[in-house]
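Residue numbers (our numbering): 165 to 343.
These notes concern the structure reproduced below.
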């Protein structure tokens with residue numbers, strides 16, 4: 165924590181107050197340092213070893229114990245004092261993880277349209293199905309000279325092998341069942 169001071173600031177009294185409050189939390193758990201730079205005083209309190217939150221509680225107690233007699237405006241650095249810690253961050257992370265997994269499962273079972281890029285040298289049955297060899301599309305090269313009378317239409321037409329135009333006539337027989 166840091167705060168601005170004026171010429172009437174008693175540095176020795178502040179140092180004694182901080183040392184007594186840090187000792188109440190235990191000298192084996194906390195390390196502190198007080199520095200003065202011109203018109204500012206800086207207090208640094210850290211935990212020894214792993215972070216347990218004891219240093220944040222000590223700084224909070226020191227701030228309330230000063231009762232604004234040393235400084236009117238105090239600035240803090242570091243993470244805010246909170247018992248929940250990373251609870252909100254873990255909840256948000258788990259929410260996005262679950263939504264992502266469910267989205268992947270949905271896309272797996274209800275397949276989205278797949279985009280195919282035709283590549284040469286690949287055998288893809290959808291690309292050249294029109295050009296597959298068909299036995300019924302063999303063209304006879306024998307010449308048939310037939311004379312068609314004028315005004316009469318030809319009974320046969322050109323069979324396009326691309327459209328497989330084989331006509332088949334089916335006979336539908338109807339039966340009437342009597343009850």
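Using N, Cα and C, we set each Cβ at its ideal position, and we do this for glycine too.
*Out of 208, 186 and 181, point me to the one whose CA is closest to residue 222's CA.*
Here residue 222 is taken as the residue at index 58 of the chain shown, counted from 1. Nearest C-alpha to residue 222: 186.
In the DSSP assignment, the alpha helix (DSSP H) including residue 266 goes from what residue to what residue?
Against the chain shown, residue 266 aligns to sequence position 102. Note, residue 266: alpha helix (DSSP H), 251 to 273.
**Report entry** Limits of the unbroken beta strand (DSSP E) element including residue 229
**Finding:** Within the chain shown, numbered from 1, the residue matching residue 229 stands at position 65. Premise fails: residue 229 lies in the alpha helix (DSSP H), 218 to 230, not in any beta strand (DSSP E).
Assign residue 226 to buried or exposed, taking buried as 16 or more other Cβ atoms, counted over all protein chains shown, within 10 Å of its Cβ. Working through the chain shown from its first residue, we reach residue 226 at position 62. The residue in question, residue 226, is buried, as its Cβ has 16 or more Cβ neighbours within 10 Å.
Can you name the start and end residues of the beta strand (DSSP E) that residue 167 belongs to? As a working mapping, residue 167 is identified with position 3 in the chain shown. Unbroken beta strand (DSSP E) run through residue 167: 166 to 168.
Leaving out five residues on either side along the sequence, give the residues of the same chain with a beta carbon under 8 Å from the beta carbon of residue 229. By 1-based counting over the chain shown, the position of residue 229 is 65. Result list for residue 229: 181 and 185, in chain order.
**For residue 175, the nearest candidate out of 260, 210, 198 and 251 (CA to CA)** = Residue 175 sits at position 11 when you count from the first residue of the chain shown. Of 260, 210, 198 and 251, the residue nearest in Cα terms is 198.
Cβ pair count under 8 Å reaching 3, the stretch 194 to 210 against the stretch 264 to 272
no
State buried or exposed for residue 207, treating a residue as buried only when at least 16 other CB atoms are found within 10 Å of its CB.
Taking the first residue of the chain shown as position 1, residue 207 is located at position 43. So residue 207 ends up on the buried side.
Cβ neighbour criterion (16 or more within 10 Å) applied to residue 219
Counted from its first residue, the chain shown places residue 219 at position 55. Classification for residue 219: buried.
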